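Going by our numbering, the sequence shown opens with residue 35, and the numbers climb by one from there.
Notes follow the structure.
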Amino acid sequence: MKRLILLHVLATVLVLGCAASGQKASPLPTAQANDNRTAAGELKNYALDLHLELVETTWYPEQDRGPSLRVYGFSETGKAPRIPGPLIRVPQGTEIHATLHNTLPTVMFVRGLHSHAATGSEPLRVAPGEAVEVRFTASSPGSYYYSARSTKDSIGEVGSLPITEDLPMGEGPFGIEGQLNGGFIVDPPGNAADDRIFIITLWMRGVITPPFREIAAINGKSWPYTERLSHHVGDSVRWRILNPSVSDHAMHLHGFFFRVDSLGDGDRDKSYSPDEAPHAVTQHLPPGGTMSLTWTPERAGQWLFHCHMSSHMAEPSVASQLEPDSHASDHAGAEDSSGMRGLILGVTVTGDRAAPTMASDRKPRQLRLLVREKPATRFSLARMGYLIQEGAGAETSDPPSIPGPPLVLTRGEPVEITVVNQLKEETSVHWHGIELESYYDGVPGWSGASPQTTPPIPPGGSFLARMTPPRSGTFIYHTHWHDVAQLTSGLYGPLLVLEPGEKYDPAVDKIFIISRAGPDESESPLLLNGSPQPPPLVLKSGTKYRLRFINIAKDDSDPTVSLGSNGTPVSWRALAKDGWASPTVQPLQPAHQLVSVGETYDFEFIPERAGELTLQITLGFLRTQITQLITVH
Numbered sequence: 035m036k037r038l039i040l041l042h043v044l045a046t047v048l049v050l051g052c053a054a055s056g057q058k059a060s061p062l063p064t065a066q067a068n069d070n071r072t073a074a075g076e077l078k079n080y081a082l083d084l085h086l087e088l089v090e091t092t093w094y095p096e097q098d099r100g101p102s103l104r105v106y107g108f109s110e111t112g113k114a115p116r117i118p119g120p121l122i123r124v125p126q127g128t129e130i131h132a133t134l135h136n137t138l139p140t141v142m143f144v145r146g147l148h149s150h151a152a153t154g155s156e157p158l159r160v161a162p163g164e165a166v167e168v169r170f171t172a173s174s175p176g177s178y179y180y181s182a183r184s185t186k187d188s189i190g191e192v193g194s195l196p197i198t199e200d201l202p203m204g205e206g207p208f209g210i211e212g213q214l215n216g217g218f219i220v221d222p223p224g225n226a227a228d229d230r231i232f233i234i235t236l237w238m239r240g241v242i243t244p245p246f247r248e249i250a251a252i253n254g255k256s257w258p259y260t261e262r263l264s265h266h267v268g269d270s271v272r273w274r275i276l277n278p279s280v281s282d283h284a285m286h287l288h289g290f291f292f293r294v295d296s297l298g299d300g301d302r303d304k305s306y307s308p309d310e311a312p313h314a315v316t317q318h319l320p321p322g323g324t325m326s327l328t329w330t331p332e333r334a335g336q337w338l339f340h341c342h343m344s345s346h347m348a349e350p351s352v353a354s355q356l357e358p359d360s361h362a363s364d365h366a367g368a369e370d371s372s373g374m375r376g377l378i379l380g381v382t383v384t385g386d387r388a389a390p391t392m393a394s395d396r397k398p399r400q401l402r403l404l405v406r407e408k409p410a411t412r413f414s415l416a417r418m419g420y421l422i423q424e425g426a427g428a429e430t431s432d433p434p435s436i437p438g439p440p441l442v443l444t445r446g447e448p449v450e451i452t453v454v455n456q457l458k459e460e461t462s463v464h465w466h467g468i469e470l471e472s473y474y475d476g477v478p479g480w481s482g483a484s485p486q487t488t489p490p491i492p493p494g495g496s497f498l499a500r501m502t503p504p505r506s507g508t509f510i511y512h513t514h515w516h517d518v519a520q521l522t523s524g525l526y527g528p529l530l531v532l533e534p535g536e537k538y539d540p541a542v543d544k545i546f547i548i549s550r551a552g553p554d555e556s557e558s559p560l561l562l563n564g565s566p567q568p569p570p571l572v573l574k575s576g577t578k579y580r581l582r583f584i585n586i587a588k589d590d591s592d593p594t595v596s597l598g599s600n601g602t603p604v605s606w607r608a609l610a611k612d613g614w615a616s617p618t619v620q621p622l623q624p625a626h627q628l629v630s631v632g633e634t635y636d637f638e639f640i641p642e643r644a645g646e647l648t649l650q651i652t653l654g655f656l657r658t659q660i661t662q663l664i665t666v667h
């Protein structure tokens, strides 16, 4: 749940602590990071025999024998605990016989061990010291998981509690119990798919009583200790992403689009046909959600797949933030050159470079993107922002705008953008959603290929980014420096790619950017186009408008955009998601859309009659809103 977002201000995230008291505890078994390549149990003739134990264990979320935590986890009987828990993977129609032995001092409720033929089932209650047997048939192919918590509420139910709710279940489901999860994959008849399974887990402390701390992991490890993946140009890459955590996530792939093959909630898994499957560079995963995706790496280099919530991917080292009572090692831990931590996977693509994204013999268009401070005034603090210059004229001394001005490019037209850093600190720029060569992707110390990786842009320095956008759509340019203050100070802007011959007309092409005024969600207002109180907008009835929505807020992963009058939504037509155009003309639909952080959505809207409308941005967890009045003449 996003309670962690509000409380993030009270202490630095990723500070390790343990549940131990001052009394020295007996040694615990060490949990192994589970890469989910090997299935658990004994499978013979469509019958699986599986024996699981719920145990207390020592978990090393970073380097082995580094900083550690005491947590609860799953193990197969007679084997070491694993985080995430042992993988259950069977073909459809398999009869499963599972035994669950609870060695913990707490009653646990186990979910997910059922046929998935219906909407779900009651959790299994397993008392301390008790062993419970369960038998069922895995009848529905899909991506699922099993979990255990000391509350009967599902992960999705706990994660969707608003900030105003009390938490009668206590801290356990968020902290020491947060690693009690395992993958459960049911394959259709035939051979199992050649895929990888990645499970997101969280550990939290201070959800109820501050200070708040958090650890975010994928398959039991936190970047830079997550598995480094390798693929070849032209591979068909299939991943299953399971989120048995109480927070939602916005999973973003650099440099490529992926096809969303299925979305689920742990009990059900909806598959899409190739014709109807969404394509995205960022996909929202709610608490307890799952997805499977396919993508093809077309360009060599190093790329990232990560949660776009800043608190899940831009953190200090764990060892430097340890508490005195934690299980700390003597070494400080590796400092990653990119400055990132958390829910991140690194992907190296090798092989001959595929055909250029867009081949062109045209002379590149020349642009300068100036990164500079916006001085403080009587009414505002100093900020950071962007300016765009084209041509050989003298450099302007104007202050930057927040958000940055629209960066308007043309599909198929090569462009060279010189990023000039006029700040007093290093920075970088990521061209979010643009398909380009890795070196220009903008992640310092990572993008490119060893030994030539993208450098940070020093104060007074510059970096030349080259790209030829292969598709039109709505994208984002923003800092990818690990200091979140750069993003919340204003280093972001809309990146629009138009069709050849098309001109950007702000009279009918409307941009709406959701952001924050600072790194502290409890004190920093939500912004729409840089303002906590956006001015009224005037539209004309009968005119066709393109509405472009962008969410680049720090951690606000669940804002819902709605457009209507007196609570009744008007209708609009979906045009694109993340810049990927809808393959066919979509029907009109109610003007209501969740836009997670890192996502963009385009809609066509034609006001039918004169009157007053309200554009409303609502945060589900924080229960806050920002509105813009629209007058239709």
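The beta-carbon is built from N, C-alpha and C at its ideal position, and this holds for glycine as well.
Fair warning: this is a prediction, and the values are worked out from it, not measured in the lab.
Looking at the DSSP output, Met285 sits in a beta bridge with Gln317 and Cys341.
Following the DSSP letters along the chain, one finds Thr171 inside the beta strand (DSSP E) bounded by residues Ala165 to Ala172.
Assigned with DSSP and collapsed to three states, His667 falls in coil, not helix or strand. By the neighbour-count definition (other C-beta atoms within 10 Å, threshold 16), Asp612 is a buried residue.
Judged by DSSP in its simplified three-state form, Tyr579 adopts strand. With 16 or more neighbouring CB atoms inside 10 Å of its own CB, Asn70 falls in the buried class. Annotated three-state conformation of Ala152 is coil, per DSSP.
Contact check for Pro433 and Pro409: beta-carbon distance about 7 Å, within the 8 Å limit, so the pair qualifies. Taken in chain order, the segment 454-488 contains no complete alpha helix (DSSP H) segment of 4 residues or longer. With a beta-carbon spacing of about 6 Å, Ile378 and Leu338 fall inside the 8 Å limit used to define contacts. For Pro258, the closest C-alpha among the options Ala152, Ile249, Glu96 and His626 is that of Glu96.
Judged by beta-carbon spacing, Thr382 lies within the 7 Å limit of Ser264, meaning their Cβ atoms are closer than that value. In its chain, beyond the 5 residues on either side, Leu647 have a beta carbon closer than 6 Å to the beta carbon of Ser599.
Linking Thr594 to Ala587 through their CA atoms gives a straight-line distance of about 13 Å. The distance from the Cβ of Ala610 to that of Asp590 is about 22 Å, inconsistent with a contact at the 8 Å cut-off.
When beta bridges are read from the DSSP output, Glu110 appears opposite Leu86. Restricting attention to beta strand (DSSP E) runs no shorter than 3 residues, the segment 506-565 encloses them at 507-512, 526-532, 543-550 and 560-562, ordered along the chain.
Looking at the backbone, the Cα of Ala615 and that of Leu597 are separated by about 21 Å. Setting aside the 5 residues that flank it on each side, Thr140 is surrounded in the same chain by Ser184, each with a C-beta closer than 6 Å to its C-beta; the list follows chain order. Contact annotation: the segment 172-183 touches the segment 211-225, with at least three C-beta pairs closer than 8 Å.
Counted as a single uninterrupted DSSP element, the beta strand (DSSP E) harbouring Val271 occupies residues Val271 to Leu276. DSSP places Val220 outside any alpha helix (DSSP H); the residue lies instead in the beta strand (DSSP E), whose first and last residues are Asn215 to Asp221.
Assigned with DSSP and collapsed to three states, Glu191 falls in helix. Within its own chain, the residues whose Cβ lies closer than 7 Å to the Cβ of Phe208, once the five positions on either side in sequence are excluded, are Met238, Val241 and Val280, listed in chain order. DSSP places Phe497 within a strand segment (E or B) once states are collapsed to three. Taking one beta carbon from each stretch, the segment 246-261 and the segment 292-310 have fewer than 3 pairs nearer than 8 Å; the two do not touch.
Take Gly467, set aside five residues on each side of it, and the residues of its chain with a beta-carbon closer than 6 Å to its own are Val315, Phe509, Asp612 and Gly613, in chain order.
By the Cβ rule, the segment 108-128 counts as touching the segment 84-93, because three or more pairs are nearer than 8 Å. Within the DSSP secondary-structure output, Lys408 pairs in a beta bridge with Arg417. At a Cβ-Cβ threshold of 7 Å, Pro493 and Leu457 count as neighbours. In the three-state reduction of the DSSP assignment, Gly206 falls in the helix class, which pools H, G and I. For Asn68, there is no enclosing beta strand (DSSP E), as DSSP gives it neither H nor E.
Going by DSSP, Gly598 is part of the beta strand (DSSP E) stretching over Pro593 to Ser599. Rounded to whole angstroms, Arg399 and Glu447 show a C-alpha spacing of 8 Å. Pairing Arg500 with Asp543 gives a Cβ-Cβ distance that is not under 7 Å.
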